[in-house]
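Student: In this text, residue positions in the sequence shown follow this note's numbering: the first is 2, and each later residue adds one.
Glycine residues also receive a C-beta, built at the ideal position from the N, C-alpha and C atoms.
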Amino acid sequence: MISGHISNPYPCTFPAAIEKALNFLRTTDFRALETGVVEIEGRDIYAQILDLTTKEKTENQPEVHRRYIDIQFLAWGNEIIGYAADRGNNLISQSLLEERDIIFYHDMENESEIIMIPGTYAIFFPQDVHRPACIHHTVSNIRKIVVKVKVDKLG
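#1: Between the beta-carbon of residue 122 and the beta-carbon of residue 46, is there less than 8 angstroms?
#2: Where does residue 24 fall in DSSP's three states?
#3: So, for residue 113: in the same chain, excluding its five sequence neighbours on each side, which residues have a beta-carbon less than 8 angstroms away from its beta-carbon?
#4: Less than 8 angstroms between the CB atoms is what I'm expecting for residue 69 and residue 91, so what's the real figure, rounded?
#5: Below 8 angstroms, can you find three or more Cβ-Cβ pairs linking the region 57-66 to the region 26-36?
#6: Please state if the CB of residue 154 and the CB of residue 48 are separated by a distance shorter than 8 angstroms.
#7: The alpha helix (DSSP H) with residue 101 in it runs from where to where?
#8: Taking the CB atoms as reference points, tell me whether residue 149 and residue 71 lie closer together than 8 angstroms.
Right, dumping it as C-alpha cells:
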C-alpha cells in the first residue's frame with residue numbers, strides 16, 4: 002500500500018500506468034462529473050466515480066482484488082480505510098473474482114488504518130486487503146474516485 006496527497010511531488014517514479022492514473026486524478030474536476038465509470042485507457046485503466054456515505058467499520062467488509070490495483074482518491078468528505086497484508090489467513094465471505102475481480106473477507110488480521118481527507122490517495126495492490134468508506138469521527142458523505150489499473154499494465 003502506498004499513500005500520499007495528490008498535490009505533493011512523488012518521492013519516486015511510479016510505473017507509467019500509475020502515473021497516468023494519478024495525472025487523471027490531479028487534473029480532473031470531479032465536481033463537474035456525474036457518478037459512473039470514466040475510461041482512461043479502455044478497461045486497462047478506468048475510474049469509478051462514487052458518492053457514498055461512510056459506515057461503521059463492522060458494516061464494511063474487507064476486500065481484495067487480483068487483476069486490478071485500486072487507487073482510491075477522496076475528492077471530498079472524510080473516511081478511514083482499514084488495510085493489512087493478505088497473508089491467506091482471512092476467511093472468505095464471498096468471492097466474485099470472475100465477475101467483478103473482488104473477494105470479500107469476514108475480517109482481516111492485523112488491520113491498520115489510514116485517515117483520508119480531500120486530496121489524499123491510497124494505492125492498494127493485490128496483496129493488500131482494504132476496508133474503505135469507514136467513519137472517521139462522524140458519518141460523512143464522500144465522493145471517492147477509484148481508479149482501476151490492470152496489474153499487467155505495471156510491467
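Tutor: In short:
#1: Numbered from its first residue, the sequence shown carries residue 122 at position 121. Numbered from its first residue, the sequence shown carries residue 46 at position 45. The Cβ-Cβ distance between residue 122 and residue 46 does not fall below 8 angstroms.
#2: What you label residue 24 is simply residue 23 of the sequence shown in a count that begins at 1. Note: residue 24 maps to helix in three-state DSSP.
#3: As a working note, residue 113 is residue 112 in the sequence shown. Hits under 8 angstroms: 83, 84, 85.
#4: Sequence index remark: in the sequence shown, residue 69 carries index 68 (1-based). Sequence index remark: in the sequence shown, residue 91 carries index 90 (1-based). About 19 angstroms separates the two Cβ atoms, so there is no contact after all.
#5: Cβ pair count under 8 angstroms is below three, so no.
#6: Residue numbering aside, residue 48 sits at position 47 when the sequence shown is read from its first letter. Residue numbering aside, residue 154 sits at position 153 when the sequence shown is read from its first letter. Result no, Cβ atoms of residue 48 and residue 154 do not sit closer than 8 angstroms.
#7: Within the sequence shown, the letter at position 100 stands for residue 101. 98-101 is the extent of the alpha helix (DSSP H) around residue 101.
#8: Residue numbering aside, residue 149 sits at position 148 when the sequence shown is read from its first letter. Residue numbering aside, residue 71 sits at position 70 when the sequence shown is read from its first letter. In this structure, residue 149 sits near residue 71, with a CB-CB distance shorter than 8 angstroms.
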